[in-house]
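Chains A and B, in that order, give the protein sequences. Under my numbering, the letters of the first sequence match residues 1 to 246, in that order. Under my numbering, the letters of the second sequence match residues 247 to 502, in that order. Note that the Cβ used here is the ideal one computed from N, Cα and C, for glycine as well. Remember, it's a predicted structure, so these values are computed and weren't measured experimentally.
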Amino acid sequence: MNYLEHIGKYFLMLKQVFKRPQKGKIFWEVLFREIEDLGLKSLGIIMFISFFIGGVVAIQTALSVDSPFIPKYLIGFATKRSMILEFGPTFTSVILAGKVGSYIASSIGTMRVTEQIDALEVMGVNSLNYLVLPKIIATVLFYPLLGMIAMFLGIFGGWAAGVLTGLFYSVDYIDGIRLEFDPFFIQYALIKIVAFAFLIATIPAYHGYYVKGGSLEVGRASTQAVVWTSVAIITLNYFLTQMLLG
Amino acid sequence: MIEVTNLHKSFGEAHILKGITTTFEKGKTNLIIGQSGSGKTVFLKCLLGLHEHDKGTISFDGRIYSDLSIDEKRQLRTEIGMVFQGSALYDFLSVQDNVMFPLKMFTQQSHTEMLLRVNEVLDRVNLTGANQKFPAELSGGMKKRVAIARAIVMNPKYLFCDEPNSGLDPHTATVIDNLIQEITKEYEMITIINSHDMNSVMEIGEKIVFLKDGLKEWEGTNKEMVVTDNEAIVNFVYSSNLFKKVREIYLKESKL
Numbered sequence: 001m002n003y004l005e006h007i008g009k010y011f012l013m014l015k016q017v018f019k020r021p022q023k024g025k026i027f028w029e030v031l032f033r034e035i036e037d038l039g040l041k042s043l044g045i046i047m048f049i050s051f052f053i054g055g056v057v058a059i060q061t062a063l064s065v066d067s068p069f070i071p072k073y074l075i076g077f078a079t080k081r082s083m084i085l086e087f088g089p090t091f092t093s094v095i096l097a098g099k100v101g102s103y104i105a106s107s108i109g110t111m112r113v114t115e116q117i118d119a120l121e122v123m124g125v126n127s128l129n130y131l132v133l134p135k136i137i138a139t140v141l142f143y144p145l146l147g148m149i150a151m152f153l154g155i156f157g158g159w160a161a162g163v164l165t166g167l168f169y170s171v172d173y174i175d176g177i178r179l180e181f182d183p184f185f186i187q188y189a190l191i192k193i194v195a196f197a198f199l200i201a202t203i204p205a206y207h208g209y210y211v212k213g214g215s216l217e218v219g220r221a222s223t224q225a226v227v228w229t230s231v232a233i234i235t236l237n238y239f240l241t242q243m244l245l246g
Numbered sequence: 247m248i249e250v251t252n253l254h255k256s257f258g259e260a261h262i263l264k265g266i267t268t269t270f271e272k273g274k275t276n277l278i279i280g281q282s283g284s285g286k287t288v289f290l291k292c293l294l295g296l297h298e299h300d301k302g303t304i305s306f307d308g309r310i311y312s313d314l315s316i317d318e319k320r321q322l323r324t325e326i327g328m329v330f331q332g333s334a335l336y337d338f339l340s341v342q343d344n345v346m347f348p349l350k351m352f353t354q355q356s357h358t359e360m361l362l363r364v365n366e367v368l369d370r371v372n373l374t375g376a377n378q379k380f381p382a383e384l385s386g387g388m389k390k391r392v393a394i395a396r397a398i399v400m401n402p403k404y405l406f407c408d409e410p411n412s413g414l415d416p417h418t419a420t421v422i423d424n425l426i427q428e429i430t431k432e433y434e435m436i437t438i439i440n441s442h443d444m445n446s447v448m449e450i451g452e453k454i455v456f457l458k459d460g461l462k463e464w465e466g467t468n469k470e471m472v473v474t475d476n477e478a479i480v481n482f483v484y485s486s487n488l489f490k491k492v493r494e495i496y497l498k499e500s501k502l
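Here it is in structure tokens:
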């Protein structure tokens, strides 16, 4: 199957996904379970990584600006910009594509090869709507929050790194954070996270849903899902940046 | 009654079903048998609507499946119960929630009413008290029984089973076979079982459809199967020495 066929099949899948849920009560039950599985369970890793990434960015910036003519508040300024514009939305999304993407592809893929999806279809349940729509809504609603936490902890991690290593003063870093704060950057970051969240839920779901074979194929589908979600995120990141900031 | 007329199904160049015509009657356990690759699974999936057939008709009590609207098809599917080969229980749901799932999805019953019905069918399949267990905690036989409970919870008119006793020990397999036959009578369903298991065929096969290379080679009851001279079915069913001897003894006894 060539790439165009895959893209066409992906959009046909979305057509089935975006239908009214057959039973509202069941939809809400599944949605809350997905928020826990795809969102809350990713909170720890995102907090851990963003805190240390913020620290590394601050240290590297501090080590790069050793000239007395460059003000030290630029360390805080650069860390804030990096975390809000790229690390918060894009880096977090790539991590989530790995963690959550493989989970979605393998869980749906396993349901396919163990005939659980056939069981839904035989009952008359729209399996794509039942399985994928709650995942999309859970990620689109919850990942902006994860992104905001990542931005905050990254900036905080930068401050903690400076204070602990003595590379820069706390007051300079805070001055840098306050400098030229543009609220649009937050909007820009949130738009990106929402778009990436949609990809993180749908591309792995596509790979899992249409898997054929056994456990080996589920593993392959899971790997492919992570690769293609990452590729889609990086590509879309370029176009969104061009459109929103260019 | 389920009536199948001139059913054809191809996948690309491969012509899998080449014009099958047969009927399945109410209150009977019907078995579809045949060698691997004979088209049994494709036939069953066409009956279930999981594969769209290319030609021919499938009629459920006069309702021709391909002529039904999406809503009518959905309604028809609520009248169908299915027991999958690997049970196909939802891993993330307990036994109770697995069995309750069709009720939650398709009825407006209160939780108490649904629970009552779930307990009733779990009792029927001898799984009283297993409500809170998860599929991973169950043995193969128990999973099959949960799958049967889920299949009958909506009082279906039609029950389909894909190799319901594969992977089970002979005793448990017989228990499952008998359970399916008893339930078929109790609920007055049309039961269609896809099976490789010759014990099942002999035990509960009130009607047997033998497929070979995508065609219906033979059909009849389990008693007729013992005395048939059809070479293909004799070679398939009596391929083991044990069954050959059973057949010889049966034929001798029937002559006497």
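Point to revise | DSSP state of L200 of chain B mapped onto helix, strand, coil | key: Chain B is shown from 247 up to 502; residue 200 of chain B falls before or after that span and cannot be answered.
Review point. For chain A, is any of its Cβ atoms less than 8 Å away from the one on R320 of chain B?
Key: Interface residue, yes.
Practice item. Taking only beta carbons into account, state which residues of the region 346-359 of chain B come closer than 9 Å to chain A, listed in chain order. Key: Taking 9 Å as the Cβ-Cβ cut-off against chain A, the residues of the region 346-359 of chain B that qualify are F347, P348, K350, M351 and F352.
Check your understanding: Going along chain A, which residues have a C-beta under 8 Å from F330 of chain B?
Key -> Neighbours of F330 of chain B on chain A, chain order: E115, D118 and A119.
Exercise for review: In angstroms with no decimal places, state the Cα-to-Cα distance between T241 of chain A and L190 of chain A.
Suggested key: When rounded, the distance between both Cα atoms is 12 Å.
Practice item. Put V504 of chain B into one of helix, strand or coil per three-state DSSP. Key: Any answer about residue 504 of chain B is impossible in this case: the structure gives chain B only from 247 up to 502.
Review point. Would L290 of chain B pass as a contact of V447 of chain B if the rule is Cβ separation under 8 Å?
Key: No. Outside cutoff.
Review point. Taking Cβ-Cβ distances shorter than 9 Å, what residues in chain A pair up with R363 of chain B?
Key: The contacting residues do not exist; R363 of chain B stays about 16 Å from chain A at best.
Review point. DSSP beta-bridge partners for N372 of chain B?
Key: Note: N372 of chain B sits in no beta bridge, so no partner.
**Study point:** Through-space distance from I316 of chain B to L294 of chain B, alpha-carbon basis
**Key:** One C-alpha to the other measures close to 14 Å.
Exercise for review: Check distances from the C-beta atoms of the region 487-499 of chain B to those of chain A and list, in chain order, the residues that come in under 9 Å.
Suggested key: The residues in question: there are none.
Check your understanding: Got a sec: which bits of the region 20-32 of chain A sit with their beta carbon under 8 Å from any beta carbon on chain B, in order along the chain?
Key -> Residues Q22, K23, K25 and I26.
Check your understanding: What are the boundary residues of the beta strand (DSSP E) that includes Y404 of chain B?
Key -> From DSSP, the beta strand (DSSP E) with Y404 of chain B extends over Y404 to D408.
Exercise for review: Return the CA-CA distance between G273 of chain B and N440 of chain B, expressed in angstroms with no decimal places.
Suggested key: Approximately 17 Å, taken between the alpha carbons.
Point to revise | Short-range partners of chain B found in the region 118-145 of chain A, where Cβ spacing is below 7 Å | key: Cβ proximity to chain B below 7 Å picks out D118, A119, E121, V122, M123, G124 and V125 from the region 118-145 of chain A.
Point to revise | Alpha-carbon spacing of I155 of chain A relative to T110 of chain A, whole angstroms | key: Those two C-alpha atoms are separated by around 39 Å.
Check your understanding: Is the beta carbon of T235 of chain A less than 8 Å from the beta carbon of G101 of chain A?
Key -> In this structure, G101 of chain A does not lie closer than 8 Å to T235 of chain A by Cβ.
Check your understanding: When you compare only the Cα positions, how much space is there between T267 of chain B and G460 of chain B?
Key -> Between T267 of chain B and G460 of chain B, the alpha-carbon positions lie close to 11 Å from each other.
**Study point:** Reduced DSSP secondary structure (H/G/I, E/B, other) of K193 of chain B
**Key:** Beyond the ends of chain B as shown, which are 247 and 502, falls residue 193 of chain B; an answer cannot be given.
Point to revise | Cross-chain neighbours of I310 of chain B in chain A, by beta carbon under 7 Å | key: Simply none; closest approach about 18 Å.
Point to revise | Beta carbon of T79 of chain A nearer than 8 Å to that of A58 of chain A | key: Yes. Within cutoff.
Practice item. Assuming A395 of chain B and E115 of chain A form a contact by the criterion Cβ under 8 Å, report the distance between their Cβ atoms to the nearest whole angstrom. Key: Not really, about 17 Å apart at Cβ, beyond 8 Å.
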